[in-house]
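One structure below.
Protein chains: 10
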Amino acid sequence: MEFLVDVRVSLPPEMAAEQRQQLLAAELKRGRELVAAGHIQGIWRIPGAVRNVGIWNARDATELHQLIASLPLFPWLAADVTALATHPLNA
Amino acid sequence: MEFLVDVRVSLPPEMAAEQRQQLLAAELKRGRELVAAGHIQGIWRIPGAVRNVGIWNARDATELHQLIASLPLFPWLAADVTALATHPLNA
Amino acid sequence: MEFLVDVRVSLPPEMAAEQRQQLLAAELKRGRELVAAGHIQGIWRIPGAVRNVGIWNARDATELHQLIASLPLFPWLAADVTALATHPLNA
Amino acid sequence: MEFLVDVRVSLPPEMAAEQRQQLLAAELKRGRELVAAGHIQGIWRIPGAVRNVGIWNARDATELHQLIASLPLFPWLAADVTALATHPLNA
Amino acid sequence: MEFLVDVRVSLPPEMAAEQRQQLLAAELKRGRELVAAGHIQGIWRIPGAVRNVGIWNARDATELHQLIASLPLFPWLAADVTALATHPLNA
Amino acid sequence: MEFLVDVRVSLPPEMAAEQRQQLLAAELKRGRELVAAGHIQGIWRIPGAVRNVGIWNARDATELHQLIASLPLFPWLAADVTALATHPLNA
Amino acid sequence: MEFLVDVRVSLPPEMAAEQRQQLLAAELKRGRELVAAGHIQGIWRIPGAVRNVGIWNARDATELHQLIASLPLFPWLAADVTALATHPLNA
Amino acid sequence: MEFLVDVRVSLPPEMAAEQRQQLLAAELKRGRELVAAGHIQGIWRIPGAVRNVGIWNARDATELHQLIASLPLFPWLAADVTALATHPLNA
Amino acid sequence: MEFLVDVRVSLPPEMAAEQRQQLLAAELKRGRELVAAGHIQGIWRIPGAVRNVGIWNARDATELHQLIASLPLFPWLAADVTALATHPLNA
Amino acid sequence: MEFLVDVRVSLPPEMAAEQRQQLLAAELKRGRELVAAGHIQGIWRIPGAVRNVGIWNARDATELHQLIASLPLFPWLAADVTALATHPLNA
Chain A
760 MEFLVDVRVS LPPEMAAEQR QQLLAAELKR GRELVAAGHI QGIWRIPGAV
810 RNVGIWNARD ATELHQLIAS LPLFPWLAAD VTALATHPLN A
Chain B
760 MEFLVDVRVS LPPEMAAEQR QQLLAAELKR GRELVAAGHI QGIWRIPGAV
810 RNVGIWNARD ATELHQLIAS LPLFPWLAAD VTALATHPLN A
Chain C
760 MEFLVDVRVS LPPEMAAEQR QQLLAAELKR GRELVAAGHI QGIWRIPGAV
810 RNVGIWNARD ATELHQLIAS LPLFPWLAAD VTALATHPLN A
Chain D
760 MEFLVDVRVS LPPEMAAEQR QQLLAAELKR GRELVAAGHI QGIWRIPGAV
810 RNVGIWNARD ATELHQLIAS LPLFPWLAAD VTALATHPLN A
Chain E
760 MEFLVDVRVS LPPEMAAEQR QQLLAAELKR GRELVAAGHI QGIWRIPGAV
810 RNVGIWNARD ATELHQLIAS LPLFPWLAAD VTALATHPLN A
Chain F
760 MEFLVDVRVS LPPEMAAEQR QQLLAAELKR GRELVAAGHI QGIWRIPGAV
810 RNVGIWNARD ATELHQLIAS LPLFPWLAAD VTALATHPLN A
Chain G
760 MEFLVDVRVS LPPEMAAEQR QQLLAAELKR GRELVAAGHI QGIWRIPGAV
810 RNVGIWNARD ATELHQLIAS LPLFPWLAAD VTALATHPLN A
Chain H
760 MEFLVDVRVS LPPEMAAEQR QQLLAAELKR GRELVAAGHI QGIWRIPGAV
810 RNVGIWNARD ATELHQLIAS LPLFPWLAAD VTALATHPLN A
Chain I
760 MEFLVDVRVS LPPEMAAEQR QQLLAAELKR GRELVAAGHI QGIWRIPGAV
810 RNVGIWNARD ATELHQLIAS LPLFPWLAAD VTALATHPLN A
Chain J
760 MEFLVDVRVS LPPEMAAEQR QQLLAAELKR GRELVAAGHI QGIWRIPGAV
810 RNVGIWNARD ATELHQLIAS LPLFPWLAAD VTALATHPLN A
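Top to bottom, those sequences are chains A, B, C, D, E, F, G, H, I and J. To convert, note that position 44 of the first sequence is 803 in the working numbering; the numbers rise steadily by one, no gaps. To convert, note that position 67 of the second sequence is 826 in the working numbering; the numbers rise steadily by one, no gaps. To convert, note that position 58 of the third sequence is 817 in the working numbering; the numbers rise steadily by one, no gaps. To convert, note that position 55 of the fourth sequence is 814 in the working numbering; the numbers rise steadily by one, no gaps. To convert, note that position 46 of the fifth sequence is 805 in the working numbering; the numbers rise steadily by one, no gaps. To convert, note that position 40 of the sixth sequence is 799 in the working numbering; the numbers rise steadily by one, no gaps. To convert, note that position 61 of the seventh sequence is 820 in the working numbering; the numbers rise steadily by one, no gaps. To convert, note that position 3 of the eighth sequence is 762 in the working numbering; the numbers rise steadily by one, no gaps. To convert, note that position 26 of the ninth sequence is 785 in the working numbering; the numbers rise steadily by one, no gaps. To convert, note that position 48 of the tenth sequence is 807 in the working numbering; the numbers rise steadily by one, no gaps.
Structure representation (structure tokens):
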């Protein structure tokens with residue numbers, strides 16, 4: 760099933776630079792795994808914020824939650840999930 | 760997959776009483792079919808409005824949309840859908 | 760009486776892992792008690808967040824508040840409560 | 760059980776004056792019945808609008824919905840219902 | 760004059776338990792004084808949150824503010840005030 | 760007592776010009792009466808809309824409602840009322 | 760450039776069925792043209808509403824507006840556009 | 760003084776095409792006059808809607824309102840005005 | 760030019776009482792200067808919160824910003840500014 | 760491409776004055792570079808807040824994000840970006 764996932768990250772400005780870099784690197788690494796596994800079909804940066812929207816694919820909402828919760832930035836993010844149905848143009 | 764579906768119905772107050780009764784009867788009939796087919800697992804009236812919340816079950820969001828669109832009141836309603844994942848209490 | 764309870768949990772990211780695990784374990788234990796007692800009829804995870812929606816059952820809103828306030832995570836959560844009436848499909 | 764009920768009425772400005780007067784008179788009559796029956800414990804006008812807030816009393820949300828739906832202005836109103844629990848000051 | 764006062768309290772979860780208990784006890788004590796003085800005519804707990812709604816009575820908004828500001832929890836609360844007019848049912 | 764009253768007027772665009780002019784003239788006439796009677800202490804146009812904010816004075820919210828409801832445009836307007844208390848600068 | 764376009768369609772319920780079918784058919788035809796031209800890279804139905812989200816591609820916002828305005832349903836829709844930047848995962 | 764003016768136009772879909780064209784032509788003509796007079800310094804279309812944002816210049820808010828109210832589409836639009844101050848970069 | 764300025768102050772509850780008193784005293788002193796200079800024409804407390812609304816007067820939005828930024832509480836406040844035009848009642 | 764960028768800065772009130780001054784000076788310096796490079800065509804202070812709106816120019820949203828992320832205040836700001844299309848007045 761496909762989902763539109765809108766992710767806003769709020770890292771505290773006073774977080775140590777080193778911790779911030781490690782987290783962002785780990786996040787990118789995990790992201791690549793999710794892309795490779797076909798769970799992230801498309802992902803885009805919303806300009807001006809540490810925020811992205813993506814088209815995710817998972818068996819169901821339960822698997823989707825596990826995938827999002829596996830992101831290193833999970834404790835610092837808010838993810839808004841919209842279930843996607845097939846559009847008549849793709850029926 | 761399970762979904763929380765929040766349905767608000769806005770029938771124009773000046774709609775003829777007869778048309779209103781026919782629509783509401785057809786809606787109830789269709790509702791019973793969806794309950795019998797296991798697509799509506801639970802449904803409750805939000806007091807004070809022609810509004811309900813329900814736990815729906817469908818193969819995926821595509822089937823869910825077809826089920827909601829099959830409701831006679833579809834042209835007069837707004838349905839807000841939230842995908843539901845399994846909670847640790849039920850894992 | 761039945762209530763739709765939408766619970767958002769905000770644990771501070773910098774909380775010590777051990778405290779976090781203890782709290783989540785205690786929360787799960789208390790949740791099981793509430794399910795066993797029939798106070799939680801159904802509960803689902805909203806994917807992407809430490810958030811759940813559930814159908815709770817209590818004598819009235821006063822008992823419902825006591826049940827929610829008994830959750831170990833109560834100081835870190837926001838619960839939005841909607842009273843539920845019987846739907847014509849269940850009348 | 761007690762509920763805070765916030766009722767906003769939207770009568771179309773172009774409604775015939777006579778129909779408006781009849782509806783408002785019928786609404787007042789029904790309101791008196793609900794007060795006499797103890798279902799409306801307190802009710803106040805929100806200044807500047809055809810809107811009121813009231814403390815209603817009903818067995819449960821199901822009865823509350825029937826009471827609100829019995830109002831002649833029901834097709835033209837939006838009612839927002841909040842379940843009320845006993846406050847420690849009244850425990 | 761009567762006012763609907765909606766009070767949300769946000770005590771930091773990490774506040775020392777002792778300080779929390781003292782504050783809540785002082786708040787209850789002050790609340791009783793306001794009830795006894797007729798300034799709080801009715802007050803209810805909104806289930807699921809440290810939040811209440813009440814019908815307050817004061818000479819005017821100036822006195823109302825002083826009463827609310829006298830609450831020990833004032834630095835930790837947000838109060839939303841709605842002026843109340845007499846409803847036709849009570850005219 | 761003083762109130763901040765925010766009034767938004769929505770006249771249907773297709774209203775006959777003559778009816779519109781009559782209503783606006785009657786509204787202005789009534790407004791002058793309210794200014795003369797001291798009920799409107801100050802009033803300003805919010806640029807870009809048929810909307811105004813004003814500082815109104817009335818015995819209480821009940822009288823304020825009657826004053827607002829006496830406006831010819833009352834059926835076409837939405838008024839948002841905020842009770843005003845004395846500021847320390849004026850104490 | 761890529762854009763996330765969220766389109767909500769509000770066809771009046773009392774619109775003649777024939778006009779509705781013609782419009783929806785014309786919309787689907789125009790949609791196929793936009794997909795074929797590469798302007799719509801992906802499009803999904805939001806379940807429960809006549810609403811879709813899509814990833815659109817256009818030279819810039821000016822061309823994007825012309826494309827959206829060319830939809831037969833344009834007078835009945837509200838489109839919310841978010842500019843999309845390349846995500847680090849695709850850099 | 761400079762103002763950011765966000766204008767949303769809602770022409771009824773069923774408006775006769777001829778009336779729509781006349782209105783839009785008159786609006787464009789008036790717009791050119793306002794640009795020529797220096798009252799509109801910059802104006803852009805928000806893609807996907809009949810909506811624009813512009814930097815307007817007027818002696819004060821009173822003149823700004825008269826300029827906006829002079830637009831032929833005024834009865835069908837909602838304009839949101841934000842006063843603009845000089846930024847340190849331009850001080 | 761006149762502006763409606765809505766100011767919400769959020770002083771951290773755990774701020775030392777002495778610092779709080781000094782800030783509030785300095786704020787009151789600065790407020791008196793602004794009243795004396797005619798920059799604050801009227802100001803009222805919104806009951807229940809450390810919040811006020813006022814009618815301010817400044818040459819333009821640039822001067823208004825400097826006046827608001829000169830308030831000792833500026834780092835702890837959020838000010839919402841609405842430009843005010845002359846109302847027909849005062850034309 | 761042109762964008763409307765609405766930037767809200769939230770520097771913690773308790774930030775050391777020296778750090779605050781350095782950050783604001785660096786921000787101004789970077790701002791001048793962006794103006795000189797033609798990336799900021801116009802920028803205004805929203806009175807009453809550390810907030811600005813600007814008309815930015817960038818190849819696309821990807822470059823725009825890099826420009827905004829290059830601001831020294833980036834960790835403390837929230838930027839809301841709206842893509843701008845050419846208005847008929849400028850076509």
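All C-beta atoms, glycine included, are put in the ideal place defined by N, C-alpha and C.
Check: Less than 9 Å separating the beta-carbons of Trp815/C and Glu761/C?
Finding: Position 56 of the third sequence, counted from the first residue, corresponds to residue 815/C. Position 2 of the third sequence, counted from the first residue, corresponds to residue 761/C. Going by C-beta atoms, Trp815/C is nearer than 9 Å to Glu761/C.
Check: Ordered along the chain, which non-local residues of its own chain (more than five positions away) have a Cβ less than 7 Å from that of Pro831/B?
Finding: Translated into positions along the second sequence, residue 831/B becomes position 72. Closer than 7 Å at the Cβ level, and outside the excluded window around Pro831/B, lie Leu782, Ala785, Glu786 and Arg789.
Next item on the list: State the start and end residues of the unbroken alpha helix (DSSP H) segment that holds Leu782/F.
Entry: Numbered from its first residue, the sixth sequence carries residue 782/F at position 23. Unbroken alpha helix (DSSP H) run through Leu782/F: Ala776 to Ala795.
Check: Ala817/E lies in the beta strand (DSSP E); which residues open and close that run?
Finding: On the fifth sequence, position 58 is the one that residue 817/E refers to. Taken as a continuous stretch (DSSP letters only), Ala817/E belongs to no beta strand (DSSP E), as it is neither H nor E.
Notebook entry, point to check: Can you list, in chain order, the residues of the segment 826-840 of chain G whose Cβ is nearer than 8 Å to any Cβ on chain H?
Noted result: Ile827, Pro834, Trp835, Ala837, Ala838, Asp839 and Val840
Item checked: Chain-ordered neighbours of Glu808/G on chain B, where CB pairs are closer than 7 Å -> Counting from one through the seventh sequence, the residue named residue 808/G turns up at place 49. At residue 808/G the sequence reads Ala, which differs from the Glu that was named. Residues of chain B with a Cβ closer than 7 Å to the Cβ of Ala808/G are, in chain order, Ala837 and Ala838.
Note to self: Residues of the segment 761-780 of chain J in Cβ contact with chain M at a cutoff of 7 Å, in chain order, please.
What the structure shows: Absent from the structure: chain M. Protein chains present are A, B, C, D, E, F, G, H, I and J.
Notebook entry, point to check: Taking buried to mean at least 16 other C-beta atoms within 10 Å of its own C-beta, is Ala808/F buried or exposed?
Noted result: Taking the first residue of the sixth sequence as 1, we reach residue 808/F at position 49. So Ala808/F counts as buried.
Next item on the list: Report yes or no: is there a C-beta of chain B within less than 9 Å of the C-beta of His846/C?
Entry: On the third sequence, position 87 is the one that residue 846/C refers to. With 9 Å as the cut-off, His846/C counts as an interface residue toward chain B.
Next item on the list: Report buried or exposed for Arg791/H, applying the criterion of at least 16 other Cβ atoms within 10 angstroms of its Cβ.
Entry: In the eighth sequence, the residue the question calls residue 791/H occupies position 32. That one is exposed.
Note to self: Given this structure, state the Cα-to-Cα distance separating Ala775/A from Arg779/J, to the nearest angstrom.
What the structure shows: On the first sequence, residue 775/A is found 16 positions in, with the first residue counted as 1. On the tenth sequence, residue 779/J is found 20 positions in, with the first residue counted as 1. Roughly 18 Å separates the two Cα atoms.
Next item on the list: Report yes or no: do three or more beta-carbon pairs, one from the segment 798-813 of chain A and one from the segment 767-774 of chain A, lie closer than 8 Å?
Entry: Short answer: they touch.
Notebook entry, point to check: List, in order along the chain, the chain B residues whose C-beta lies closer than 7 Å to that of His824/D?
Noted result: On the fourth sequence, position 65 is the one that residue 824/D refers to. Within 7 Å Cβ-Cβ: Arg804, Pro806 and Gly807.
Next item on the list: Tell whether a beta-carbon distance below 9 Å holds between Val794/B and Ala842/A.
Entry: As a working mapping, residue 794/B is identified with position 35 in the second sequence. As a working mapping, residue 842/A is identified with position 83 in the first sequence. One thing to note: Val794/B has its Cβ no nearer than 9 Å to the Cβ of Ala842/A.
Item checked: Cβ-based neighbour list, Gln800/A, same chain, cut-off 8 Å, excluding 5 preceding and 5 following -> Numbered from its first residue, the first sequence carries residue 800/A at position 41. Closer than 8 Å at Cβ, skipping near neighbours: Glu761, Gly813, Ile814, Trp815 and Asn816.
Notebook entry, point to check: Mapping DSSP to helix, strand and coil, what is Leu848/C?
Noted result: Taking the first residue of the third sequence as 1, we reach residue 848/C at position 89. DSSP places Leu848/C in helix when its eight states are reduced to three.
Item checked: Closer than 9 Å to chain F by CB, Leu793/E -> Numbered from its first residue, the fifth sequence carries residue 793/E at position 34. Taking Cβ atoms only, chain F never reaches closer than 9 Å to Leu793/E, which makes this a no.
Note to self: Do Ile827/H and Pro806/F have their beta-carbon atoms positioned less than 9 Å apart in this structure?
What the structure shows: Here residue 806/F refers to the residue found at position 47 of the sixth sequence. Here residue 827/H refers to the residue found at position 68 of the eighth sequence. Cβ distance < 9 Å, so Pro806/F and Ile827/H count as in contact.
Margin query: Assuming contact is defined by CB atoms lying nearer than 9 Å, are Ala820/D and Ala838/C in contact in what I supplied?
Written below: Position 61 of the fourth sequence, counted from the first residue, corresponds to residue 820/D. Position 79 of the third sequence, counted from the first residue, corresponds to residue 838/C. Their beta carbons are not under 9 Å apart, which means Ala820/D does not touch Ala838/C by this criterion.
Margin query: Among Leu848/F, His798/F, Leu763/F and Ala850/F, whose alpha-carbon lies nearest the alpha-carbon of Gln825/F?
Written below: Within the sixth sequence, numbered from 1, the residue matching residue 825/F stands at position 66. Considering only alpha carbons, the answer is His798/F.
Checklist line | Where Arg804/A falls, given that 16 or more other Cβ within 10 Å makes a residue buried | finding: The residue labelled residue 804/A in the question sits at position 45 within the first sequence. Label assigned to Arg804/A: buried.
Check: Given that Ala820/H touches chain F, what residues does it touch there, using C-beta distances under 7 Å?
Finding: Within the eighth sequence, the letter at position 61 stands for residue 820/H. Chain F residues near Ala820/H: Pro806.
Next item on the list: Identify which residue in Leu848/G, Pro772/G, Asn849/G and Ile802/G has its Cα closest to the Cα of Asn849/A.
Entry: Translated into positions along the first sequence, residue 849/A becomes position 90. For the residues Leu848/G, Pro772/G, Asn849/G and Ile802/G, the minimum Cα distance to Asn849/A belongs to Ile802/G.
Notebook entry, point to check: On the three-state DSSP scale, how would you describe Ala808/A?
Noted result: Within the first sequence, numbered from 1, the residue matching residue 808/A stands at position 49. Looking at Ala808/A - three-state DSSP - the assignment turns out to be coil, as it is neither helix nor strand.
Item checked: Test: Asn816/E CB closer than 9 Å to a CB of chain D -> Sequence index remark: in the fifth sequence, residue 816/E carries index 57 (1-based). So no, Asn816/E is outside the interface.
Next item on the list: Leaving aside the five residues before and after Arg818/H along the sequence, list all residues of the same chain whose C-beta is less than 8 Å from its C-beta, in chain order.
Entry: Within the eighth sequence, residue 818/H is the residue found at index 59, counting from 1. Non-local beta-carbon contacts of Arg818/H in its own chain, meaning distances under 8 Å to residues more than five positions away in sequence, involve Met760 in chain order.
Item checked: chain F contact for Gly801/I (CB, 9 Å cutoff) -> Mapped onto the ninth sequence, residue 801/I falls at position 42. It does: the Cβ of Gly801/I has a partner Cβ on chain F nearer than 9 Å.
Item checked: According to DSSP, residues forming a beta bridge with Leu763/C -> As a first step, residue 763/C is located in the third sequence; it is residue number 4 there, counting from the start. In DSSP, Leu763/C forms a bridge with Ile814/C and Thr841/C.
Margin query: Distance check for Glu822/F and Glu773/D, CA to CA, integer angstroms please.
Written below: Within the fourth sequence, numbered from 1, the residue matching residue 773/D stands at position 14. Within the sixth sequence, numbered from 1, the residue matching residue 822/F stands at position 63. Between Glu773/D and Glu822/F, the C-alpha separation is close to 26 Å.
Next item on the list: At 9 Å on the CB atoms, spell out the chain F contacts of Ala842/E, in chain order.
Entry: Counting from 1 along the fifth sequence, the entry for residue 842/E is found at position 83. Correct list: Met760, Phe762, Asp819, Ala820, Leu823, Val840, Thr841 and Ala842.
Next item on the list: Measure the alpha-carbon distance for Ser829/D versus Leu836/D and round it to whole angstroms.
Entry: Along the fourth sequence, one-based indexing puts residue 829/D at 70. Along the fourth sequence, one-based indexing puts residue 836/D at 77. Cα to Cα, Ser829/D sits roughly 12 Å from Leu836/D.
Checklist line | Sequence-distant residues of the same chain with beta carbon closer than 7 Å to Leu763/C, five excluded per side | finding: For the purposes of this step, residue 763/C is taken as the residue at position 4 of the third sequence. Correct list, in chain order: Val812, Ile814, Thr841 and Leu843.
Next item on the list: Answer with yes or no whether the minimum CB distance from Leu787/C to chain B is below 9 Å.
Entry: For the purposes of this step, residue 787/C is taken as the residue at position 28 of the third sequence. Answer yes: the Cβ-Cβ gap between Leu787/C and chain B drops below 9 Å somewhere.
Margin query: Counting only beta-carbon separations shorter than 9 Å, does Gly790/C have a partner in chain B?
Written below: Taking the third sequence and counting its residues from 1, one reaches residue 790/C at position 31. So yes, Gly790/C belongs to the interface.
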